[in-house]
Amino acid sequence: MTDVLLCVGNSMMGDDGAGPLLAEKCAAAPKGNWVVIDGGSAPENDIVAIRELRPTRLLIVDATDMGLNPGEIRIIDPDDIAEMFMMTTHNMP
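If you read the sequence shown in this note's numbering, its first letter stands for residue 515, the second for the next number, and so on.
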């Protein structure tokens with residue numbers, strides 16, 4: 515059984531670097547069956563590798579402006595993700 519932690523972000527963009535920093539820290543001290551992937555600014559490039567791992571759980575960590583206090587965490591219901599989709603430079607050709 516494999517679990518995947520996909521960390522998203524750009525370490526050159528302030529708090530957007532939280533994902534890569536977490537990936538670095540977790541990779542340095544692996545826990546159990548977790549595989550850590552630093553998805554950087556283009557996590558969609560890791561989809562094939564993640565599918566090949568066939569993880570039991572996929573945890574995605576990404577810093578975003580949600581109007582919360584720094585460090586607050588929100589779990590997003592998978593059914594709500596499509597409704598929250600935003601056009602960004604990450605998904606432009």
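We treat Cβ as the ideally placed atom computed from N, Cα and C, and that holds for glycine.
Query                                                                                                                                                    : Result
Kindly indicate which residue of A556, C540, P557 has the alpha-carbon position closest to the one of V549.                                              : C540
Give the DSSP bridge partners of V550, in chain order.                                                                                                   : L519
With 16 other CB atoms within 10 Å as the buried threshold, where does L520 fall?                                                                        : buried
Count the C-beta pairs between the segment 566-581 and the segment 527-544 that are closer than 8 Å, then say yes if the count reaches three, no if not. : yes
If you draw a straight line from the C-alpha of D560 to the C-alpha of P569, how long is it?                                                             : 13 Å
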